[in-house]
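Numbering (the working numbering), first residue to last: 2 to 97.
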C-alpha cells in the first residue's frame, strides 16, 4: 500500500448532519424570504459599479478646479460616447 491510515485518529460523526449537531435546523427556503429595499440594493452587482463611479467622480471633483464644469464634462463624454455606442453594439451581437 502507498498510504497507511490510522483510523483511530479520525472521528466519525455517523448519520447526524452538521445542522443537527449545532442545533440549527433550516427554517425554510432562504430564496423566498423577505429582503428589505436596502439589502436588495446592496446585494445587486450593479451598485458596486455605481458606487465606484461616484467615488472616482467625487475624488476628481474635489481635487481639480475645472472637473465639475460643463466643458470638462463634455470633454470626457465626447470620448466616452463612441466607446459606449460600440460597446452596446458588440453586446447586442454577442447576445443575438
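Every residue gets a Cβ at the ideal spot worked out from N, C-alpha and C, and that includes glycine. Bear in mind that the values here come from a model prediction, so they are computed numbers and not experimental data.
How is residue 67 classed by DSSP in three states: helix, strand or coil?
Position 66 of the chain shown holds residue 67. Residue state, collapsed to three classes: coil.
Excluding sequence positions up to five away, which residues of its chain have a Cβ less than 7 angstroms from the Cβ of residue 68?
Counted from its first residue, the chain shown places residue 68 at position 67. Answer for residue 68: 61, 62, listed in chain order.
Kindly indicate the opening and closing residues of the alpha helix (DSSP H) around residue 38.
Taking the chain shown and counting its residues from 1, one reaches residue 38 at position 37. Residue 38 -> alpha helix (DSSP H) spans 38-44.
According to DSSP, is residue 49 part of a helix, a strand, or is it coil?
Start at 1 with the first residue of the chain shown, and residue 49 comes out as number 48. Helix, per DSSP.
Determine whether the beta carbon atoms of residue 33 and residue 42 lie at a separation below 8 angstroms.
Working through the chain shown from its first residue, we reach residue 33 at position 32. Working through the chain shown from its first residue, we reach residue 42 at position 41. No. Outside cutoff.
Quick check on DSSP: helix, strand or coil for residue 34?
Along the chain shown, read from residue 1 onward, the residue named residue 34 stands at position 33. Coil at residue 34, not helix or strand.
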